[in-house]
Structure formats: structure tokens, C-alpha cells
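Chemist: Numbering (the numbering used here), first residue to last: 395 to 685. By construction, the Cβ of each residue, glycine as well, lies at the ideal position given by its N, Cα and C atoms. Attaching a single structure in C-alpha cells format; questions to follow.
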Amino acid sequence: MSSELKTILITGANGQLGREMHMVLDSDIFVNAIYTDVEELDITNAQAIEKCLESNNVEYIVNCAAYTAVDAAESNIELCTKLNVEAPTLLAQAAHKHGAKLIHISTDYVFDGTSCRPYREDDLVCPTSVYGATKADGEKHIMDVAPESIIVRTAWLYSPHGKNFVKTMLELGKSRESLRVVCDQVGTPTCALDLASVIKTFIDCDEWHPGIYHFSNEGAISWYDFTLAIHRLAGITTCHVLPCMTEDYPTPATRPHYSVLDKSKVKATLGIEIPYWEESLAQCLNSMHNA
395 MSSELKTILI
405 TGANGQLGRE
415 MHMVLDSDIF
425 VNAIYTDVEE
435 LDITNAQAIE
445 KCLESNNVEY
455 IVNCAAYTAV
465 DAAESNIELC
475 TKLNVEAPTL
485 LAQAAHKHGA
495 KLIHISTDYV
505 FDGTSCRPYR
515 EDDLVCPTSV
525 YGATKADGEK
535 HIMDVAPESI
545 IVRTAWLYSP
555 HGKNFVKTML
565 ELGKSRESLR
575 VVCDQVGTPT
585 CALDLASVIK
595 TFIDCDEWHP
605 GIYHFSNEGA
615 ISWYDFTLAI
625 HRLAGITTCH
635 VLPCMTEDYP
645 TPATRPHYSV
655 LDKSKVKATL
665 GIEIPYWEES
675 LAQCLNSMHN
685 A
């Protein structure tokens, strides 16, 4: 691990992952972190990106910015494309030009969810939604212009910040007597703090490891079972959670029925162990309770 000062640009710094990047970077005296969101840096503006990289001598870019409103994306194709395809491409072009290293965050939605085993990085992408299609296109454009980049696909991201499934289920669990949650969509929750820690591990490595990686917490669970665990760990006993099928809860965007990610590559590359989803969920809920 190098003890030289690293200048790291964080985009989307006000989002879930961006907020958790603060947690893992701010205590490192060898990191000069530049946190930006749309107010500080318009990542759809090539000139603004160039100026930022040049004036700050940026060595690493962690792109946490994205259009993530999955259902709204179905009717906001232009904006979704701008943020998930065009902006990452501009970041990759600037990174390549200035010799900076890019870490970009992608999603399990690049897959169609028809697999019967965890998805590997080299599995064929086949998105079934506008969101998934734009994220897949963003990946391709990045690797075309800056093949030295790292792309990390993740899934079911949650944190104490912003809007996410965990916070929604906590709110509904406290305000409703009953709740229906789909039980036939299976994946793995990801604690944003764990993902942020892995991103920092990539940066701290003595050797840069370009390519596509999968990261989520360990294990596999349905949204229904995840909700039960959230309520149990939070001590919510007044809400009766009922299972339902995807067809009983139609949404504008098609969700993958199975999107468990194979993490063998990231574990072997970084030499890490990944926490079980329930362990990380308990820690997140505890931090929210003590905040």
C-alpha cells in the first residue's frame, strides 16, 4: 500500500454510495478527496470535467453518479441515457487523456434474470429495462475508450442515506398494519459502506486491476424475506408482511427474477472476505438507530 498522497474525485457525492465514500476516505491522511455532485461538477459537460481534472491533478475518479429511478427511466429515456451513458463516457475519455484511473459503478440490471446460477462477469448482458440498457451501454462505452478502467456491478444497494428499500420498509413497517412484498425476485442486498470499502481497496492496491467485477454482500434472498429480516432486526412487530408474486405487483420496468452475482473474481483479486448480507444489514440498522 502506497503512502503517497492520492487525489480522488468522487462524483455523485450526495448519493448513497457517495456519502459512504466519505466514511472510508476521510480518515485516510494520504487521501485528498474531492467530493462533487451536480452543483459542483456537471459530468455531462466535457469542458467542466477537463477543467476539474487539470486544476486538481486528479489521479482517481470514482463515478457514483447515475440515473437510478428504474421505473421512471421507462419514460425518461433521454435523461437516463445522458447520465448513464454519455456522462460516464465523458469521464472515461477525460480519465484516459489525463492518465487518471476510473472506477465506475454498474448494476445487476444488465442481466435479464433468467439464470439459475450466480452471474459471472463474462456472462452475456441482456437488459430488460431502459435503466439496465443504459447501464450496459455505459459499460461498453467506458471499456471502448478507457479499457484500463474498473467497473463494479452491484445490486440492491442500501444505506442510512437517501431513498432505498431498507428505509422504505422501515417507514412502511411503522405506519402500516400489513404489507405485500414480492417473493419471486431473488438477489443479494449490498450495504453501500461495504461497497465503498471495496472501492478504496482497489485504489489502495499496489497494482491496478482493470476490468469488470461483481460485488454485493454474500448470500441470496427474496425481497419478501429481506423485508422480514429488516423488520425483525429493527424490532418492528406491528406490521404483517405478506408474500406476493411479481405479476401481482406490476411496475413499468421489468425486474430480474434472479440477479445473484458471483463474487469469486473480486475476492480472488483483492484477497478479501465479503460480509453476509444479514450481518451488514444489522450494522447499518444499528448505525441508523444511533445516529
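Is DSSP giving Ala590 helix, strand or coil here?
Modeler: If DSSP states are grouped into helix, strand and coil, Ala590 belongs with the helices.
Chemist: What residue from Cys510, Lys400, Met415 has the CA that sits closest to Gly406's CA?
Modeler: Out of Cys510, Lys400, Met415, Met415 has the C-alpha closest to the C-alpha of Gly406.
Chemist: So who's on the other strand from Ala427, going by DSSP bridges?
Modeler: Beta-bridge pairing links Ala427 to Ile402.
Chemist: What separation, rounded to the nearest whole angstrom, lies between the Cα atoms of Pro646 and Arg511?
Modeler: If you take the alpha carbons of Pro646 and Arg511, they lie about 26 Å apart.
Chemist: Taking buried to mean at least 16 other C-beta atoms within 10 Å of its own C-beta, is His603 buried or exposed?
Modeler: Per the 10 Å Cβ criterion, exposed.
Chemist: Looking only at C-alpha atoms, which of Phe559, Lys661, Glu571 sits nearest to Asp619?
Modeler: Out of Phe559, Lys661, Glu571, Phe559 has the C-alpha closest to the C-alpha of Asp619.
Chemist: Can you tell me whether Met563 is buried or exposed? The criterion is at least 16 other CB atoms within 10 Å of its CB, across all chains shown.
Modeler: Buried, by the Cβ-count rule.
Chemist: Label Pro541 either buried or exposed according to how many other C-beta atoms from any shown protein chain fall within 10 Å of its C-beta, with 16 as the threshold for buried.
Modeler: Counting Cβ neighbours within 10 Å, Pro541 comes out exposed, since fewer than 16 surround it.
Chemist: Contact between the segment 665 to 678 and the segment 521 to 539: three or more CB pairs below 8 Å?
Modeler: Touching, no, given that fewer than three Cβ pairs across the two stretches are closer than 8 Å.
Chemist: For Met395, does the three-state DSSP call read helix, strand or coil?
Modeler: For Met395, the predicted model reports a pLDDT of 49, less than 50, meaning its position is unreliable and no value from the coordinates is stated.
Chemist: If you draw a straight line from the C-alpha of Tyr607 to the C-alpha of Asn426, how long is it?
Modeler: Approximately 25 Å, taken between the alpha carbons.
Chemist: Any contact of the segment 476 to 486 with the segment 572 to 580, i.e. 3+ C-beta pairs under 8 Å?
Modeler: No: the two stretches stay apart, fewer than three of their Cβ pairs being nearer than 8 Å.
Chemist: Counting only runs of 4+ residues fully inside the segment 568 to 631, write out the alpha helix (DSSP H) ranges in chain order.
Modeler: DSSP runs (the alpha helix (DSSP H)) wholly in the segment 568 to 631: 586 to 598, 617 to 628.
Chemist: For a quick check, are the C-beta atoms of Ser553 and Leu587 less than 8 Å apart?
Modeler: In this structure, Leu587 lies closer than 8 Å to Ser553 by Cβ.
Chemist: Which of the three DSSP states, helix, strand or coil, is assigned to Val635?
Modeler: Reduced to three states, the DSSP call for Val635 is strand.
Chemist: Do you know whose CA, among His683, Tyr503, Thr401, Asn470, lies nearest Ala489's CA?
Modeler: When only C-alpha atoms are compared, the closest one is Thr401.
Chemist: Per DSSP, which residues does Lys495 bridge with? Please list them.
Modeler: Partner(s): Tyr454.
Chemist: On a CA-only basis, which of Tyr503, His535, Asp656 is nearest Thr462? Give me that one, please.
Modeler: Among Tyr503, His535, Asp656, the Cα nearest to that of Thr462 is on Tyr503.
Chemist: What three-state label does DSSP hand Thr522 in the structure shown?
Modeler: In the structure shown, Thr522 sits in coil (DSSP, three-state: anything other than H, G, I, E or B).
Chemist: Once you ignore the five residues that flank Cys378 on each side, which residues in its own chain have a CB closer than 6 Å to its CB?
Modeler: Given a span of 395 to 685 for the chain in the structure shown, any question on residue 378 remains unanswerable.
Chemist: Measure how close the beta-carbons of Ala377 and Thr582 come, nearest whole angstrom, since I'm counting them as under 8 Å.
Modeler: Residue 377 falls outside the range modelled here, since the chain spans only 395 to 685, and no answer is possible.
Chemist: Find the nearest neighbour of Gly556 within the set Ile404, Val635, Gly412, Ile624, judged by alpha-carbon distance.
Modeler: Out of Ile404, Val635, Gly412, Ile624, Gly412 has the C-alpha closest to the C-alpha of Gly556.
Chemist: Out of Tyr643, Thr632, Ser509, Leu403, which one is the CA nearest neighbour of Val580?
Modeler: When each option's Cα is compared against that of Val580, the closest is Ser509.
Chemist: Whose C-beta lies closer than 8 Å to the C-beta of His651 among residues of the same chain, with five residues either side of it excluded?
Modeler: These residues qualify, in order along the chain: Gly507, Thr508, Asp578, Gln579, Val580, Thr640.
Chemist: For Leu444, which residues in the same chain have their Cβ closer than 7 Å to its Cβ, ignoring the five residues on either side in sequence?
Modeler: This sequence places Glu at residue 444; Leu is not what is there. Cβ neighbours of Glu444 beyond the five flanking positions: Ala488.
Chemist: Anyone know if the C-beta pair for Val660 and Ala614 falls short of 8 Å?
Modeler: No; because the gap between Cβ atoms is not below 8 Å, this pair is not in contact.
Chemist: Counting along the chain, where does the beta strand (DSSP E) carrying Ile666 start and finish?
Modeler: Premise fails: Ile666 is in no beta strand (DSSP E) and is neither H nor E.
Chemist: For Ile347, name the three-state secondary structure that DSSP assigns.
Modeler: The first residue shown for the chain is 395 and the last is 685, placing residue 347 beyond what the model contains.
Chemist: Are the beta-carbon atoms of Ser681 and Val418 separated by less than 8 Å?
Modeler: Their beta carbons are not under 8 Å apart, which means Ser681 does not touch Val418 by this criterion.
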